[in-house]
Structures are given as structure tokens and as C-alpha cells.
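Chains as they are written, first to last, in full-length UniProt numbering: chain A, 1 to 525; chain B, 1 to 525.
All C-beta atoms in this analysis are idealised placements derived from N, C-alpha and C, irrespective of residue type, glycine included.
Since the structure is predicted, the reported quantities are computational estimates derived from the model, not experimental observations.
Scroll down for the structure; my scribbles are underneath it.
Number of protein chains: 2
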Amino acid sequence: MTLQGSLLIGQQAVTGSEAEIYAINPATGEALAPNYRGGNHVEVDKACQLAEAAFDHYRETSLETRARFLETIAEEIEAVGEALTERGVAETGLPQARLEGERGRTCGQLRLFASVVRAGEWLDLRHDPAMPERQPLPRTDLRQRHIALGPVAVFGASNFPLAFSVAGGDTASALAAGCPVVVKGHSAHPGTSELVGRAIQRAVAKCDLPDGVFSLLFGSGNEIGQALVANPHIKAVGFTGSRRGGTALMATAHARPDPIPVYAEMSSINPVFLLPEALKARGDKIAEGFVGSLNMGAGQFCTNPGLVIGIKSAELDAFVTAAGEAVKGSAAQTMLTPGIHDAYQNGVSTLASKSNVKEIARGQTGDSPHGCQPGLFVASASDFLTDEDLQSEVFGATALVIECRDSDEMQRIAEHLEGQLTATLQMDDGDLESARQLLPTLERKAGRILANGWPTGVEVCHAMVHGGPYPATSDSRTTSVGSAAIYRFLRPVCYQNLPAGLLPEALQDNNPFNVSRLVDGKREG
Amino acid sequence: MTLQGSLLIGQQAVTGSEAEIYAINPATGEALAPNYRGGNHVEVDKACQLAEAAFDHYRETSLETRARFLETIAEEIEAVGEALTERGVAETGLPQARLEGERGRTCGQLRLFASVVRAGEWLDLRHDPAMPERQPLPRTDLRQRHIALGPVAVFGASNFPLAFSVAGGDTASALAAGCPVVVKGHSAHPGTSELVGRAIQRAVAKCDLPDGVFSLLFGSGNEIGQALVANPHIKAVGFTGSRRGGTALMATAHARPDPIPVYAEMSSINPVFLLPEALKARGDKIAEGFVGSLNMGAGQFCTNPGLVIGIKSAELDAFVTAAGEAVKGSAAQTMLTPGIHDAYQNGVSTLASKSNVKEIARGQTGDSPHGCQPGLFVASASDFLTDEDLQSEVFGATALVIECRDSDEMQRIAEHLEGQLTATLQMDDGDLESARQLLPTLERKAGRILANGWPTGVEVCHAMVHGGPYPATSDSRTTSVGSAAIYRFLRPVCYQNLPAGLLPEALQDNNPFNVSRLVDGKREG
Numbered sequence: 001m002t003l004q005g006s007l008l009i010g011q012q013a014v015t016g017s018e019a020e021i022y023a024i025n026p027a028t029g030e031a032l033a034p035n036y037r038g039g040n041h042v043e044v045d046k047a048c049q050l051a052e053a054a055f056d057h058y059r060e061t062s063l064e065t066r067a068r069f070l071e072t073i074a075e076e077i078e079a080v081g082e083a084l085t086e087r088g089v090a091e092t093g094l095p096q097a098r099l100e101g102e103r104g105r106t107c108g109q110l111r112l113f114a115s116v117v118r119a120g121e122w123l124d125l126r127h128d129p130a131m132p133e134r135q136p137l138p139r140t141d142l143r144q145r146h147i148a149l150g151p152v153a154v155f156g157a158s159n160f161p162l163a164f165s166v167a168g169g170d171t172a173s174a175l176a177a178g179c180p181v182v183v184k185g186h187s188a189h190p191g192t193s194e195l196v197g198r199a200i201q202r203a204v205a206k207c208d209l210p211d212g213v214f215s216l217l218f219g220s221g222n223e224i225g226q227a228l229v230a231n232p233h234i235k236a237v238g239f240t241g242s243r244r245g246g247t248a249l250m251a252t253a254h255a256r257p258d259p260i261p262v263y264a265e266m267s268s269i270n271p272v273f274l275l276p277e278a279l280k281a282r283g284d285k286i287a288e289g290f291v292g293s294l295n296m297g298a299g300q301f302c303t304n305p306g307l308v309i310g311i312k313s314a315e316l317d318a319f320v321t322a323a324g325e326a327v328k329g330s331a332a333q334t335m336l337t338p339g340i341h342d343a344y345q346n347g348v349s350t351l352a353s354k355s356n357v358k359e360i361a362r363g364q365t366g367d368s369p370h371g372c373q374p375g376l377f378v379a380s381a382s383d384f385l386t387d388e389d390l391q392s393e394v395f396g397a398t399a400l401v402i403e404c405r406d407s408d409e410m411q412r413i414a415e416h417l418e419g420q421l422t423a424t425l426q427m428d429d430g431d432l433e434s435a436r437q438l439l440p441t442l443e444r445k446a447g448r449i450l451a452n453g454w455p456t457g458v459e460v461c462h463a464m465v466h467g468g469p470y471p472a473t474s475d476s477r478t479t480s481v482g483s484a485a486i487y488r489f490l491r492p493v494c495y496q497n498l499p500a501g502l503l504p505e506a507l508q509d510n511n512p513f514n515v516s517r518l519v520d521g522k523r524e525g
Numbered sequence: 001m002t003l004q005g006s007l008l009i010g011q012q013a014v015t016g017s018e019a020e021i022y023a024i025n026p027a028t029g030e031a032l033a034p035n036y037r038g039g040n041h042v043e044v045d046k047a048c049q050l051a052e053a054a055f056d057h058y059r060e061t062s063l064e065t066r067a068r069f070l071e072t073i074a075e076e077i078e079a080v081g082e083a084l085t086e087r088g089v090a091e092t093g094l095p096q097a098r099l100e101g102e103r104g105r106t107c108g109q110l111r112l113f114a115s116v117v118r119a120g121e122w123l124d125l126r127h128d129p130a131m132p133e134r135q136p137l138p139r140t141d142l143r144q145r146h147i148a149l150g151p152v153a154v155f156g157a158s159n160f161p162l163a164f165s166v167a168g169g170d171t172a173s174a175l176a177a178g179c180p181v182v183v184k185g186h187s188a189h190p191g192t193s194e195l196v197g198r199a200i201q202r203a204v205a206k207c208d209l210p211d212g213v214f215s216l217l218f219g220s221g222n223e224i225g226q227a228l229v230a231n232p233h234i235k236a237v238g239f240t241g242s243r244r245g246g247t248a249l250m251a252t253a254h255a256r257p258d259p260i261p262v263y264a265e266m267s268s269i270n271p272v273f274l275l276p277e278a279l280k281a282r283g284d285k286i287a288e289g290f291v292g293s294l295n296m297g298a299g300q301f302c303t304n305p306g307l308v309i310g311i312k313s314a315e316l317d318a319f320v321t322a323a324g325e326a327v328k329g330s331a332a333q334t335m336l337t338p339g340i341h342d343a344y345q346n347g348v349s350t351l352a353s354k355s356n357v358k359e360i361a362r363g364q365t366g367d368s369p370h371g372c373q374p375g376l377f378v379a380s381a382s383d384f385l386t387d388e389d390l391q392s393e394v395f396g397a398t399a400l401v402i403e404c405r406d407s408d409e410m411q412r413i414a415e416h417l418e419g420q421l422t423a424t425l426q427m428d429d430g431d432l433e434s435a436r437q438l439l440p441t442l443e444r445k446a447g448r449i450l451a452n453g454w455p456t457g458v459e460v461c462h463a464m465v466h467g468g469p470y471p472a473t474s475d476s477r478t479t480s481v482g483s484a485a486i487y488r489f490l491r492p493v494c495y496q497n498l499p500a501g502l503l504p505e506a507l508q509d510n511n512p513f514n515v516s517r518l519v520d521g522k523r524e525g
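See the structure below:
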């Protein structure tokens, strides 16, 4: 299909009336047609009113209907074919194979949530039967299920044009929960967004769902996003992006007459702790794995390992040398947007200009106008503890190695960290005691703790936590990847003494959905 | 024991250095010794530092140790004997039987959470085993558990000196989750608070737990509470009280460098919908039940039925007459504090002075200096829809009846309501269709929906939701009563590829806690 440059409001394609946005191919600097005129409060209101109108119907669709809808979205995305990955490549500078892999991940994620909807665990069904003979007072029948919060605003992220964008994890989990979704598409990949948005539109129509279950808006600047979060019909927000962007949305959500939850996944430098025995046994191999993870996607991952912590030693020196050599040989991959490239250059320059930071290596510069020249730097733990500049995220393939005097200082570094998405331990059997001492601190700092792996590559599964204490996210009680992401968009409702004819189907005596329940606090099924 | 007028910081009893507070017997107006000198930031810091120091140990205590601790608190509270209920009566004006019942509820709640801790559902254990052969990429072993958020600040409520105070639901659920607790005791019942606080102190010592697991602070004004919420060691807040108080704490929590969740249960007028067939069949009986619920505890319940909605008819007139007669005959029960009594008088006067509100009945005035003279008023639906004064909570035994022209107008009233803790339907079989039409709206407005009962009397069980959309609470995704309250104080952590020697015990292969788990998304055990 030909891209139209449209906003998608329910089943309609609408041309905006505000300033245009358009994609730039970061590999060439060329502007990509079509232009997308931005929406304003009129389109925000219309999309949100449609979402509101769709909500009560959509949230009560059968588990099977909703699961089929998610699967149909996946099928429609796949049916777009190469046009989708080609446009994705052009808009992001990412390689074709990456776009293909990301499409697989996105569609797999939609299918995972289809299975989650069918399993029905998210309903958290509870039943405390009546006890009419209880003394001193009888107990009436009490049942609980979870229902959808309401229409959800989702902000597409720049760095995953499919998996964290229009049909990404936030959209999939919100739709799974029974929430209509209004997406603010990321301005860097509007064409990819339109293609995916139209696939969702088709799935809505094929599944006979109300129009308002899905809309897609574009707009330059922050106005449209702020208007979306402020709209009274919106009841929750999913966001992946910068700390500045996330905290601005949090402020708007908090200032509403009825504050709403914001699930913002923001910034993380993903510390990697090199424990001594592991470093001794396989420092070179760790250096290789580290630089591979650092360079993945030009370092433009939320889980990019931006901080490496080791104890000063000949082995750490050898690790730094080996990692530096690998960085020197690393190609400059094209970054997602000119803006992200500028921010990266500024971040690296700031780091390089600091007297307490030593440059170990820079990678290749390459030919791309927006190539990411990798970087590796070293600083002392004492400087890291006193200079908060050193804890700032540099979004891209640059990392800082922190040299500690001893394990106590390593512990202090761990305690000093802000909230993180991940913390990684490189450890051998002989490091077990050191790892045990770090673990309680790491648990309080990060949502996911890894041993002998790398934080990039977030598995979409049931046990995943892609979350963590502030500022990694705005709500450490949640995850934005994996099946538990659905819980962000649900709330419990208790039904007391309702006649069977009024009780929601899920809560009927015969458990028609055949879902695991807590009966008098004991699990059944 | 003799009351000391102390702050309790860990195992210490400390005398504050700020302005004094003291209880007033609201039945007599007499001041009750001792005076409690308030704490300031020094005591806040000390209590929070102790809580922080206790946290990592306390959160990893065995399920059995933590359950026994909760049970020991219950035993120690019971061991205080009549001194506790007598002091409670003197400080609140509530009858002895109510205090005894509330003590039973409080201790039952502690024992319920002991059973919840032992059952371990709250750990939400998940395991996605490694798939080393998977193509194109292998999957590593991923496990998830929930851990405690950190030290929790709890604010005692005025209206339940035991069940929503020092050892109330917030404290019990936070301790169950593994969070140390710092309580800001309510200034209206410091003696009751001290007795309970010392019972908890003794339980901490008997169970060999670190001192900082529990502290109790007092202070006049808002400073100490604000300092507590702002303290960097505090990671969540439980509060039951006014909308003004709750939103002030929310603002402080949101303005922190690391915003933290606030679980504030604030205001609710608990609408009761009188459906036509029920009104025809048993209007008198409904009137009787309604006034009984209205008068319970002088109407000082969060779930007090402050709003009754019916369709204008002879049957509704008869209901209003019957309810008015019952209100006229209602005694004036002593209110909790002079301040609450003043606010009630002002609220009733404002309502009575409005030209669009008709006074139906006032109850007895009685002899108490702070007696609650019940009240019943009527207004039209059209006035309710346009005058937001009519939706304000009057804390006490006063209710407003709304007369609707027809069921459409009743529906509009439902849609117009703010978030509520409860919504009640009085209905007969012939009302089923009307009830079905109201239900989706009520689900979006309230945390608990009742049929043919009254909202006062919140059962402490597994299916209970004592929560609801803003402004009923600050977080509609949660409940502050019932076993699910524990989830407020937990967050998920994922462990990727950890060696068995480093994995938390709960996540070991052999499931040593014998807890239900999600394995590859399927429930086991």
C-alpha cells in the first residue's frame, strides 16, 4: 500500500492540520515522503471519545474474541510483508535482519498476550463464599475479578520501531487487559507506524470490534502528547523514552483532577560487576561479550551496559585493554535520528572532557552522517561517588569502567547507584560470597539481575521484569515486557452478594472460564 | 501499664521536643493525660534510619518467622486487656462493644496476614526454564519473585483507633510484605496508639527481629507527616483520612527526587441505588436498613451511605418518609473529636442552607458536647448534576436522597459520580435489567458493588476491595482491606541465569516454600 501521511482515528484516516513531521533516513540524511500533518486537541478529543465509547464493549469481549484480535493483529502485520521492514530500515538506519527479528518479536509478543488472555490468570478471580451461620455476624458472598482501567495512551519509542512502538508491548498488554489504545506515534518512524496502525485497523474491522479500540496520532512537539495524557477519558499511560519526556508526562498525569498512573520506562546505565575470579578466569572472553552487547543496535537499547565496575588489578587492566581493542575495531553503526546522534556526540564529548575520566578507546568513525563512534572510558570509584555527571546515561555505544580499590568500594558503588533496569554479575564459583554480599543491594536497585550474561536482549516471557526503581521507571511495581505487563492496566472490583443474573460471567459458580481461582484463600484449578 | 507519653523508636521510648498533643474525651470534653510531646525531623530520621537498617534482614526472614511475628503482635495486643479498650473508649467516644469488636477485627486481620504470608501467593513465583536448543537464539533460565518495597510510612486514621491505626490493615499488610513500618499516630488517640505500639515493640523483641522493624511517632500539625513521606528511606505510604490530607501527601511523595507510591484512602459518599421493584416490595425494610447503616459509628465510616438515588414515585416518597421517621428517632452519638464534630456541623449547615436541598429530618441532639445529630435531606437529580456542592462528603450520619425523573436520569447520576469505595443496589428480580444497565458504570466508579446489603461493615477476607477510583483512593489498582492489600508493598525482581547458590530460596528448583508457581506460564501447585 501507499503511505497516506494520515492520522488513524478509529476506522478513519484523517489529515491533520498542524505542523508537519516527516522521517529522515539517518543513513543518508534524505527526507522520506510522505509528510504527516500533526493532529491537535480536536483529533485527541475525537480519538479519546471513540476509545471511551468502545471501552465498555471491548472490556467485556470474551477471552477468545480478545485473544483472536491480538493474533489477527500479528497476522495483519506479517501480511504487510517486506514493505514494513524496508520502511523500517529506511526510517531507522537499523539493518534489515534486525527489523525482521523485531517483527518476529512483536508478533510473538502479541501471540503471547493472546495466550495470557486465554489463560485468564490476570482476572485474579477470588471467591469468599457466604457464611450465613458465622458468629457474631454472618458473612455474605464476596467475589473479586480484575477489570480494565480504561482507554490507555501509548507513546511509541524511537529505538524499537516495532517492538516498543505502535503494536509494541504497551499496546499489546493494554489491549489484552481490555483497554482501548490511543497511540502517539514516534516522529522518527511515522511510515512504519502508519503501516502497523493500518494493520491494527484491519484487525479491528475483521474482528468486528468497535472503531475506537485503536487510534494513531502524530504531531510535532509535545502538545499532542500532553493533551493526550490530560484527556479525561485516558486512564493510564505507557511510555518508553527519555527521563525528561517521562517526567513531563508524570507531571501532567499527576496534575489532572483525577491523577492517573504513568508507566514510563526512562533511563538506565545497567551496571555490570566484574567479580575477581571471573575476571581472572576469562577476562578476555568477558571483554568480548561486553563489547558485543555494548555495540548491539549502536548501543541504543534501554539495557545497554553503560557501566562496568571492577576491582583495580592486573586482570582488570587486561580486561580494559582487551575491551579497548575491541572498541577500536568496532564499526560506526548509523544511529536512529540526527537528534539522537547529536545527543550522543554531546554526551561523549562531556565525558571525554572531564579531567577525572580517561579515554581508553574510540571506535571507527565510518561513512554514515549519523554514525555512532563507540567509546570506552575509565574513572575511579571515588570520582564516580562524588561526581554525578559520571552516572548520566550516554544513549549509544559508550561505556565507563569504574575502578574500585576493593570489594567494599564496589559495594559502595552499588549502593550509590540510581534505580536501574538491570544489574549484571560476571562471576565464577569463587565469587559466590562476593555476589551474595552484593545481591541485596542489587535487588533494591534493579528490576532484573543477571549472572554471566548481558543485559541486552530482553526475553518476552512470564518471568521477565523490564522495570526497576526510579528513574529506570516511574513505577517499580511493574514490568513493561513480559506477560506480567498486563497487570498495569487492571484494577480489582469486588462483588458482594450479587444475584447470579447480575454477576459477571467470569465469577459465576461453575467457573465458566475454567480459570485458576482463590477460594477462601486457597488456590483451586 | 502506665502510659508514658512517649514516641517509640525501635525498642526505645523517647520524649519529643516539639509542641504537645493530648487526647480529649469527646463525650465529656475532658483532656486525657499524658501529654505527648511531638517529634521532629530528628526522630523521623532516626526511625527511618533504623527501618532502613532493619530492612534487608527483615525482608528475608522466613515465611514462618514473619507469620509468627504477626501472630505475636495479635497476642500482645490481646494481652493488654481492658486497659486498651477502656482507653479507646475514652479517646474516641465509641462504645466499649465497638472497641472490643474492633480489637477482634484487628487481631483477626493480623492472623489473616500471617496465613497469607505462609501461603506465599504474594511471592508470585514464576519460572521460565532455559531452552538451550531454541532457534534462532537460546533462552536462558529466568525466574521471578516479589520483594518488599522498603520501609513504609503509615498514618493512623481517626475513625478506627485499632483497625485502621497503629496495628491496622496498612501496618499488617506492610509487615507481611517484609517492609519495616514507621507509624505517624493519630493525634486523637495517642494513648490507644502507645498501648498498641508497645505491644508491637514487645512482639519485635520476642521474635528477635531488628529494632527498626517498627516505630511510632507523634506530632501536632503536618510537619512530621510531611517529613516522614519526604524521608529518602521511606518507599511507600499508607494513609486513611481526608482528601485534603491525602492529596497533600501525594504532592510530597510526587515531588521527591524518587517519587514513591501513596495509598491514600480518602473520601467516598457511597451511593445507594433504590431500584423500583425493590422499593415497591420492601421500601420500609430498606429504609430501616439504610438508617441503621447511616447511624453506625455516628456515620464516621469511609463506607457510610451518604447518597441515596431513586426514581420519583409514591414508593420513593414513602421510603423518604419512613427513613425520615427513623432519623428523627435516632440518638446523637458522640463523634470522635471536637474537630470532626465541627466539620460535621458545618457540612450539615451548608447542605441545609442550600435552596435546592430540602431538609426531611434531623435526629436527636442528645447531651454529648460532640453529639452527631443525624440528618436526612432531599434534592433533585437535575440539581445534583449541576451543583457540585451536593456531591461533597459530609463525614457523619447525614445523607442526601436524590430524586430522578426516570431511569435515564438515574443512569446520568451514576455517570456523574466521582470515584467511590462502594456502590449499592437495592434490587429485586424485576430490577435485573435496570441493574445490568447500571453495572458497567458502577464498576468504573467503585471498588466494591453490593446488592441488597449496606456498605458499612467491610469484611476482612481475600475477595474484598476497599479501594476505588480517585478521589475514593489515590490508586484504584489496590485495596487497603483484605489479603490483596499486601500487593501494595511489593515489586517484582527477575533473576536471569543465576547459579543455584545465589538464587533466593523461594526460587530454588525444588520449590522449598511449596508455593503455587507459574512455570512457562502454566500454574503448578
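Interface criterion not met: the Cβ of G212 (chain A) is under 7 Å from no Cβ in chain B.
The residue from A:A326, A:F377, A:R405, A:N231 with its alpha-carbon nearest to that of E43 (chain A) is A:N231. Inclusion of T72 (chain A) and C207 (chain A) in the CB contact set at 7 Å is warranted, their separation being smaller than that value.
In this structure, I413 (chain A) keeps its C-beta atom at 7 Å or more from the C-beta atom of I311 (chain A). Using a Cβ-Cβ cut-off of 7 Å, A435 (chain B) counts as an interface residue toward chain A, since at least one Cβ of chain A sits closer than that to its own.
With a cutoff of 7 Å on beta-carbon distance, T422 (chain A) and N270 (chain A) are scored as near each other. Among the residues facing chain A, Q300 (chain B) is not included, as its CB has no counterpart in that chain under 7 Å away. Proximity of S173 (chain B) to chain A, defined by a Cβ-Cβ separation below 7 Å, is not satisfied. Residues are counted here when their Cβ sits less than 9 Å from a Cβ of chain A; for the region 37-54 of chain B the count is zero. Q420 (chain A) sits in a strand when the DSSP states are folded into three classes. The beta-carbon of I147 (chain B) is placed less than 7 Å from the nearest beta-carbon of chain A. Contact between G38 (chain A) and G10 (chain A) does not hold, since the beta-carbon distance rounds to 18 Å and is not under 8 Å. P492 (chain A) belongs to the set of residues whose beta carbon lies under 7 Å from a beta carbon in chain B. Taking a Cβ-Cβ threshold of 7 Å, the residues of chain B close to M464 (chain A) are L142, C494, in chain order. Residues of chain A with a Cβ closer than 8 Å to the Cβ of L439 (chain B) are, in chain order, L502. Setting aside the 5 residues that flank it on each side, D284 (chain B) is surrounded in the same chain by A322, each with a C-beta closer than 7 Å to its C-beta; the list follows chain order. Distance from the CA atom of T92 (chain A) to the CA atom of V166 (chain B), rounded to whole angstroms, is 56 Å. Within chain B, no residue has its CB atom less than 8 Å from the CB of T252 (chain A), the nearest being about 12 Å off.
In the DSSP assignment, V519 (chain B) falls within the unbroken beta strand (DSSP E) covering 517-519.
Here E409 (chain A) is buried: its Cβ has 16 or more other Cβ atoms, across all protein chains shown, within 10 Å. Looking at the DSSP output, G238 (chain A) sits in a beta bridge with A:V154, A:Y263. Contact note: P259 (chain B) reaches chain A through M250, Y470, S474, using a C-beta cutoff of 8 Å and chain order. Just measuring C-alpha positions, the residue of A:D431, A:D429, A:L417, A:W454 sitting nearest E443 (chain A) is A:L417. Fewer than three beta-carbon pairs drawn from the region 91-110 of chain A and the region 40-54 of chain A are found closer than 8 Å, and the two stretches are therefore not classed as touching. Inter-segment contact for the region 149-165 of chain A and the region 479-492 of chain A is present: three or more beta-carbon pairs are separated by less than 8 Å.
Across the region 125-138 of chain A, CB contacts with chain B closer than 7 Å involve R126, H127, D128, in sequence order along the chain. Using a CB distance cut-off of 7 Å, N497 (chain A) counts as an interface residue toward chain B. Assignment of alpha helix (DSSP H) within the region 188-253 of chain A, counting only whole runs of 4 or more residues, yields 190-206, 223-230 in chain order. Judged by beta-carbon spacing, G238 (chain A) lies beyond the 7 Å limit of L216 (chain A), meaning their Cβ atoms are not closer than that value. Taking C-beta separations shorter than 7 Å and ignoring five residues to either side along the sequence, the partners of S6 (chain A) in its chain run A13, V14, T15, E194, following chain order. Residue-level contact by beta carbon fails for S480 (chain B) and chain A, as no gap is shorter than 7 Å. Contact annotation for E443 (chain A) against chain B: I147, V493 [CB-CB distance below 7 Å, chain order]. In the DSSP assignment, G396 (chain B) falls outside any beta strand (DSSP E) and carries neither an H nor an E.
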